[in-house]
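Okay, so here's the structure we're looking at.
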Amino acid sequence: MRVTLLHNPGAGDGSDPEALVRVLEAAGHDVRYCSSKEKREKRDKALARPAALVVAAGGDGTVGTAARTLAGRKVPLTVLPLGTANNIATSFGIVGEAERLVEAWPRWRKRPHDMGRAEWGDDHDELFMESCGGGLFADVMRRAEKQGLDDQVRDDAMEDALELLDRLAQDAPPRRWDLEVGDEVSRQELIAVEVMLIPLIGPNIRLASSAVGDGKFTVVQIDDGHRDTLRDVIRSLQRTERPRATLPAELASSAELKGDGPMHIDGELVEHHGRIELSVLRGALTVLRP
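In terms of my numbering, the sequence shown is residues 113 to 402.
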């Protein structure tokens with residue numbers, strides 16, 4: 113099978129590109145390699161070449177890069193999780209070493225996966241794989257960038273990220289958000305609001321429980337009354353326990369956000385304080401997964 117391998121050489125422990133290529137070739141695949149660090153034009157050209165499968169080897173950022181390029185095409189995407197959080201791969205049920213995952217591909221199925229579209233301002237239009245939201249998790253992203261935690265590849269990077277999230281969650285100020293979730297319009301004081309396509313965010317925080325690819329966003333609204341519930345989830349992960357607490361959420365195929373706080377789309381901060389319109393692109397991506 114002809115495979116395009118999009119690889120982040122800086123993900124995780126800095127996996128060897130040649131070793132990854134050998135794993136794929138040993139399974140009988142014809143491999144074309146492209147680093148995710150290449151300029152966008154070169155990446156897009158590599159992903160546009162004919163292939164039976166595109167493999168994103170890296171973390172969530174690498175998967176998102178491949179997904180945005182493949183959206184609306186029939187070429188399937190799969191993941192070799194090499195990052196720190198690997199929220200997308202985990203949500204797809206793709207967990208384990210590269211050799212074992214590649215061996216399992218013949219037993220997997222091609223499944224449709226939804227993507228989100230975020231539109232704001234006069235000409236901003238961005239596709240996303242994970243979530244769009246504002247407040248606490250955008251604050252954490254900004255602080256992590258300043259401290260260099262977003263580039264960490266050490267074994268304790270997740271511990272540091274959880275500690276930072278818990279520290280900021282303790283004192284995160286409620287901010288005013290104007291929301292339109294489906295047909296419901298409201299103004300609320302929230303610590304965080306997240307419009308999610310997968311259940312996980314940040315350092316493996318499970319905010320949502322809905323199935324991946326159900327044609328709906330899961331909209332999670334965390335007010336001051338649920339601060340302790342969120343911190344219980346964080347502390348359970350710090351103790352390597354399965355979180356039992358749940359946060360209030362609702363399903364919708366569209367949403368609009370406008371707030372005073374910082375916002376993000378997937379792992380990128382958005383310097384915008386106006387309204388962002390969000391819609392689900394149902395089945396925009398084909399994913400090879402268990």
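Positions of the beta carbon are idealized from the N, C-alpha and C atoms, including for glycine.
- Following the DSSP letters along the chain, one finds THR341 in no beta strand (DSSP E) but inside the alpha helix (DSSP H) bounded by residues 339 to 350.
- Setting aside the 5 residues that flank it on each side, VAL115 is surrounded in the same chain by LEU136, HIS141, ASP142, VAL143, ARG144, ALA163, ALA164, LEU165, VAL166, VAL167, each with a C-beta closer than 8 Å to its C-beta; the list follows chain order.
- PRO285 carries a coil assignment under DSSP once its states are collapsed to helix, strand and coil.
- The continuous beta strand (DSSP E) containing VAL143 extends over residues 142 to 147.
- According to the DSSP secondary-structure assignment, MET227 is paired through a beta bridge with LEU393.
- In this structure, ASP290 and ARG343 do not form a Cβ contact; the two beta carbons are roughly 26 Å apart against a cut-off of 8 Å.
- Secondary structure note for ILE200: its alpha helix (DSSP H) is the uninterrupted segment 199 to 204.
- In the three-state reduction of the DSSP assignment, ARG185 falls in the coil class, being assigned neither a helical nor a strand state.
- Contact between HIS376 and MET253 holds, with the beta-carbon distance rounding to 6 Å and staying under 8 Å.
- Collapsing the DSSP output to three states places PRO129 in a helix.
- For the set LEU390, ASP268, SER203, the Cα lying nearest the Cα of HIS236 is the one of LEU390.
- Closest in alpha carbon position to ASP283, among PHE249, ARG180, VAL382, is PHE249.
- Excluding sequence positions up to five before and after VAL191, its CB lies within less than 6 Å of the CB of ALA168, VAL175, ALA201, ILE206, all in the same chain and listed in chain order.
- Nearest Cα to ASN316 within the set THR330, ALA273, ARG229, ASP156: ALA273.
- Looking at MET308, THR196, LEU280, VAL345, the one whose alpha-carbon comes closest to that of LEU393 is MET308.
- Residue pairing for VAL331: DSSP places it in a beta bridge opposite VAL307, GLU362.
- Counting every other CB atom within 10 Å of its CB across the protein chains shown gives MET227 a total of 16 or more, marking it as buried.
- The beta carbon of ARG255 is closer than 7 Å to those of LEU276, LEU280 in its chain, skipping five residues each way along the sequence.
- In the three-state scheme derived from DSSP, where H, G and I count as helix and E and B as strand, ARG356 is classed as coil.
- Short of 7 Å from the beta carbon of LEU213, and not among the five residues preceding or following it, lie these beta carbons of its own chain, in chain order: LEU192, ILE206.
- Less than 8 Å divides the Cβ of GLN333 from the Cβ of VAL305.
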